[in-house]
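Notes for the one structure printed next.
Number of protein chains: 2
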Amino acid sequence: MADGQRPPAPGGGGPRHATAPEPEPAPPGDGVPPGARPTSRDVARAAGVSQATVSLVLGDKWRGRVSPGTADTVRDTARSLGYRPNLAARNLRLGHTRTALLVVPALTHEFFARVYTGAAAVAERHGFGVVVYPSPDGIGPAKDPFASARAALDGVIASSMATDALTALRASGLPLVMLDSDPEDRGAAARVNLAIADGVRQVAGHLLDLGHRRYLHLAPAIDSWTFEVRARALAAAVGAVPGASVRTVRGPFTVDAAREAAHRALTAPGPRPTAVVCDGDTLAAGVCKAARRLGLRVPEDLSVTGFDDLALATAVEPELTTVRLPAEQVGERGMHALLAVLDGRAPARDELPVQLVVRESTGPVPGAVPGSVPGPVPGSVR
Amino acid sequence: MADGQRPPAPGGGGPRHATAPEPEPAPPGDGVPPGARPTSRDVARAAGVSQATVSLVLGDKWRGRVSPGTADTVRDTARSLGYRPNLAARNLRLGHTRTALLVVPALTHEFFARVYTGAAAVAERHGFGVVVYPSPDGIGPAKDPFASARAALDGVIASSMATDALTALRASGLPLVMLDSDPEDRGAAARVNLAIADGVRQVAGHLLDLGHRRYLHLAPAIDSWTFEVRARALAAAVGAVPGASVRTVRGPFTVDAAREAAHRALTAPGPRPTAVVCDGDTLAAGVCKAARRLGLRVPEDLSVTGFDDLALATAVEPELTTVRLPAEQVGERGMHALLAVLDGRAPARDELPVQLVVRESTGPVPGAVPGSVPGPVPGSVR
DNA sequence: GGGCCGAGGTGTTACGTATAACGTCGAGGC
DNA sequence: GCCTCGACGTTATACGTAACACCTCGGCCC
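In order, the protein sequence lines correspond to chains R and G. Read left to right, the first sequence gives residues 1 to 382 (full-length UniProt numbering). Read left to right, the second sequence gives residues 1 to 382 (full-length UniProt numbering).
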């Protein structure tokens with residue numbers, strides 16, 4: 001057994017130790033080749049045991065196979081050498097990595113940053129990691145998530161808005177969880193959706209109750225299932241009311257672009273819309289700016305609704321009436337679904353509820369007889 | 001890497017999961033064990049060459065060692081089998097991973113999301129990947145970045161604001177690039193800073209020119225080098241002007257907290273400040289809300305400045321006078337520095353310039369004789 | 001015809017880990 | 001005295017890849 005390793009034991013004050021002024025911040029301990037990271041074998045040598053024992057102890061599988069004393073020795077030596085397992089080797093050996101890829105359009109959109117946060121929190125609790133691939137913009141021409149995410153992966157969670165990357169993902173054969181995507185679409189092992197259409201119906205109901213009949217719908221110029229659903233739901237809700245109409249305008253998803261688009265639409269010939277339904281708080285903020293510059297008061301002259309309930313929604317004035325999306329929860333459920341799939345369990349089928357939050361940017365249609373329609377209820381949910 | 005590879009698959013094509021009618025989108029080709037991901041050896045067998053040749057061809061190192069015809073064959077077979085190299089194995093073999101860890105407080109802060117974007121863009125161009133560890137909040141108790149980032153790493157880029165994780169990072173011995181941190185602090189292989197103090201001086205100069213003398217400074221309740229620098233720079237700039245004074249208030253970094261703090265400070269007994277200098281646009285937005293609710297007009301009655309130049313700065317009204325920080329560039333330079341260190345080259349010493357952007361939230365001090373002080377120049381830089 | 005060369009490969013190894021399969025050794029049982 | 005048996009480890013692989021060293025063979029020079 002442990003052949004009392006002590007190489008210089010009898011030598012007493014041998015020169016061995018004097019030769020180590022060690023400027024090294026990371027202490028490479030005893031017999032370890034200097035400069036290199038210690039391996040489990042180095043720990044084994046230093047502790048006087050075999051590499052297998054080190055692996056057992058540090059992997060916490062030693063009970064009944066290694067004596068507690070030896071286990072302690074191993075742990076101490078590992079610590080003092082600054083040993084950290086080589087994850088590449090471990091992943092290779094194990095055949096999996098406990099790492100998931102999250103594919104989103106861009107982390108600079110608060111919604112997706114929050115999705116990430118939720119996913120990462122759940123992952124962390126289950127010993128998983130999450131790496132992000134923000135798909136098209138800002139990252140350059142690489143349309144292949146795998147070329148970019150250098151890490152070896154166990155599975156993928158993808159927003160349906162990151163369309164260009166999806167085909168590569170499908171072909172990879174990795175377990176795929178789709179976020180907010182068409183339920184008809186096959187090919188995902190699981191799916192986490194938001195009740196987007198219901199959110200739009202809540203918005204439409206709120207505005208219709210306030211007496212609005214002429215609507216402007218500001219939508220992003222993005223081909224995505226989510227936005228099609230919104231347009232259809234709005235058209236259906238408004239179309240069900242006689243005399244009500246909606247006009248849709250599309251453009252880039254920025255405050256300034258929305259301001260310009262709203263300016264054009266609000267100064268166009270013909271009767272002006274009295275309410276603007278926006279597919280995002282960012283757009284709504286732009287609309288409010290356009291309105292103010294045209295001398296229109298929000299909500300007295302024009303009602304504006306957002307979507308997402310970003311931090312922005314309560315930073316601007318008036319605070320935006322919007323639809324709160326449980327972004328973190330989307331990430332959490334997505335991760336849970338992926339974990340279930342990897343475990344061979346059936347993932348839960350999720351459609352997360354969304355909620356209208358009435359704030360200050362919506363009010364009765366201009367010219368309404370006071371009291372004839374229910375007024376807004378600022379902060380009703382807030 | 002592969003899906004959680006059923007460990008030994010003892011029964012061969014066992015009954016384990018009858019639940020797989022899976023019309024596999026990835027064609028497992030010819031002699032490949034079904035269900036498993038093809039390896040380079042599978043490709044070799046199918047192409048009638050050795051594994052070494054496959055490695056050479058796919059690694060693009062075949063010129064002069066393999067005939068073009070053979071190379072084509074190999075590539076075709078690889079494609080038709082749906083082969084993708086096992087990154088864990090490659091990383092193990094190569095001894096590095098071409099993956100960097102970015103440690104930031106939270107990706108939901110636009111600044112850090114943009115830092116990530118910049119770092120990821122540079123990484124991508126150099127065949128590197130970036131994984132994120134958002135340190136303290138929202139992620140739970142794990143203070144060890146390495147426990148969370150499952151990927152094997154080559155180096156680390158860390159924001160100085162992510163303090164709790166730093167000690168673990170230092171001990172790891174991995175090359176470390178610090179962002180916006182104390183130059184006195186040793187222990188980083190490189191550093192990328194912003195000319196924060198200069199930004200504060202620009203703000204102070206602008207406001208002093210406008211005649212302001214009583215300042216409120218809204219700072220986050222975070223112990224961080226950056227914020228200390230700002231406080232000192234502001235105190236120095238204001239202190240240099242006779243009769244000028246600054247009072248500092250600290251609080252959480254949110255719109256609402258800032259609104260409340262500003263409300264308290266603006267209604268406190270004694271002469272009211274005429275300008276509020278905020279350490280972030282988020283805080284400035286809160287101050288504007290507080291001002292409006294107190295019946296104070298911005299900028300006529302109160303000037304407000306932000307910091308960061310987030311999207312928020314132009315979404316609110318009035319648009320914020322603020323200091324533009326080149327967030328993406330911070331990420332880019334950070335990644336470049338790390339690449340340099342990994343290459344054994346000397347990293348560039350960076351201090352990125354910042355720029356005051358004068359918009360609508362600042363104006364002459366109330367009661368100033370018109371024309372006696374230079375007016376604001378809205379959009380002068382914008 | 002021997003030697004040499006380059007083109008076109010192949011055999012083999014090592015990376016660091018986790019784990020299955022296999023010792024060894026002293027104490028008891030019979 | 002032999003066998004068994006648990007406690008405590010060890011030996012020996014295998015994971016998939018990259019790359020070094022080696023091999024073969026036809027052509028060509030002298």
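From the three backbone atoms N, C-alpha and C, an ideal C-beta is built for every residue, glycine too.
Keeping to the same chain, check which residues put their C-beta closer than 7 Å to that of residue i; ignore five residues upstream and five downstream.
i                      : result
G/GLY334               : ALA119, ILE157, VAL177, LEU179 and VAL192
R/ARG201               : ALA233 and ALA237
G/GLN51                : SER40, ARG41 and ALA44
residue 387 of chain G : Residue 387 of chain G lies beyond the stretch modelled for chain G, which goes from 1 to 382, so this question has no answer here.
R/VAL203               : VAL277, THR305, VAL323 and LEU356
R/VAL316               : ALA285 and CYS288
Grouping DSSP H, G and I as helix and E and B as strand, with all else coil, what is residue i?
i                      : result
R/GLU351               : strand
G/ARG125               : helix
R/VAL358               : coil
G/PRO366               : coil
R/ARG250               : strand
R/SER80                : helix
R/GLY155               : strand
G/LEU174               : coil
R/PRO85                : coil
G/LEU92                : helix
R/PRO106               : The amino acid at residue 106 of chain R is misidentified as Pro; the sequence shows Ala. Reduced to three states, the DSSP call for R/ALA106 is coil.
G/SER55                : helix
G/THR99                : strand
G/PRO68                : helix
R/SER50                : coil
residue 383 of chain R : Nothing can be reported for residue 383 of chain R, as the shown portion of chain R is limited to 1 through 382.
R/PRO183               : coil
R/PRO145               : helix
Between which residues of its own chain and residue i is the CB-CB distance below 8 Å, once the five residues before and five after are set aside?
i        : result
R/VAL115 : LEU102, VAL104, SER159, LEU179, ALA327, GLU328, VAL330, GLY331 and GLY334
G/ALA231 : HIS217, ALA219 and THR248
G/VAL365 : LEU210, GLY211, HIS212, ARG213, THR274, ALA275, SER303 and VAL373
G/ALA195 : GLU351, LEU352, PRO353 and VAL354
G/ILE296 : Reading the sequence as shown, one finds Leu at residue 296 of chain G and not Ile. For G/LEU296, where only same-chain residues beyond five positions count, the Cβ hits under 8 Å are LEU266 and LEU302.
R/PRO183 : ARG191 and ASN193
In chain order, what residues of the same chain lie with their CB nearer than 6 Å to the CB of residue i, ignoring the 5 residues before and after it?
i        : result
G/VAL298 : CYS288, ALA291, VAL304, PRO318 and SER361
R/VAL54  : SER40, VAL43, ALA44 and VAL74
G/ALA152 : ASN91 and THR97
G/ARG259 : GLY286, LYS289 and ALA290
R/GLY280 : PHE307 and ASP308
R/VAL130 : ALA100, LEU102, ALA119, ALA120 and ALA123
G/ALA47  : THR73, VAL74 and THR77
So, do the segment 100-110 of chain G and the segment 47-67 of chain G have three or more beta carbon pairs nearer to each other than 8 Å?
-> Counting C-beta pairs with one atom in each stretch, the segment 100-110 of chain G and the segment 47-67 of chain G have fewer than three that are closer than 8 Å, which means they do not touch.
Residues from the segment 72-85 of chain G in contact with chain R, defined by Cβ distance under 8 Å = Correct list: GLY82 and ARG84.
Which parts of the segment 267-354 of chain R are runs of the beta strand (DSSP E), unbroken and 3 residues or longer, counting only runs that do not cross its ends?
-> Within the segment 267-354 of chain R, complete beta strand (DSSP E) segments of at least 3 residues are found at 275-278, 303-305, 322-324 and 350-352, given in chain order.
Alpha helix (DSSP H) segments (min. 4 residues) lying fully within the segment 188-231 of chain G | Contiguous alpha helix (DSSP H) elements confined to the segment 188-231 of chain G occur at 196-209, taking only those with 4 or more residues.
Note down, in chain order, all residues in the segment 295-328 of chain G with a beta-carbon under 9 Å from any beta-carbon belonging to chain R.
-> Listed by position, the residues of the segment 295-328 of chain G near chain R (Cβ gap below 9 Å) are ALA311, LEU312, THR314, ALA315, VAL316, GLU317, GLU319 and GLU328.
Mind listing which residues of the segment 211-234 of chain G have their C-beta closer than 7 Å to chain R's C-betas, in chain order?
-> Near chain R, meaning a CB-to-CB distance below 7 Å, no residue of the segment 211-234 of chain G qualifies.
Using a Cβ-Cβ cut-off of less than 9 Å, list which residues of the segment 156-186 of chain R approach chain G; keep chain order.
-> From the segment 156-186 of chain R, only ARG170, ALA171, SER172, GLY173, LEU174 and PRO175 have a Cβ closer than 9 Å to chain G.
Given 8 Å, three or more beta-carbon pairs between the segment 220-233 of chain G and the segment 250-261 of chain G | Yes: at least three Cβ pairs fall under 8 Å.
In the segment 90-111 of chain R, which residues sit with their C-beta less than 9 Å from some C-beta in chain G, listed in chain order?
-> So the list reads ARG90, ASN91, LEU92, ARG93, LEU94, GLY95, HIS96, THR97, ARG98, THR99, ALA106, LEU107, THR108, HIS109 and GLU110, given in the order they occur along the chain.
Pair every Cβ in the segment 81-98 of chain R with every Cβ in the segment 80-97 of chain G, then say whether three or more of these pairs are closer than 8 Å.
-> With a cut-off of 8 Å, the segment 80-97 of chain G and the segment 81-98 of chain R count as touching, because enough Cβ pairs lie within range.
Chain R contacts from the segment 330-364 of chain G (Cβ-Cβ distance under 9 Å) | In summary, no residue of the segment 330-364 of chain G has a CB separated from any CB of chain R by less than 9 Å.
Name the residues in the segment 238-271 of chain R whose C-beta lies less than 9 Å from a C-beta of chain G; which are they?
-> Going along the segment 238-271 of chain R in chain order, one finds THR254, VAL255 and ASP256 with a Cβ nearer than 9 Å to chain G.
Against chain G: residues of the segment 275-289 of chain R by CB proximity under 8 Å | So the list reads THR282, ALA285, GLY286, CYS288 and LYS289, given in the order they occur along the chain.
When Cβ atoms are compared, which residues of the segment 51-64 of chain R fall closer than 7 Å to chain G?
-> Within the segment 51-64 of chain R, not one residue has a Cβ closer than 7 Å to any Cβ of chain G.
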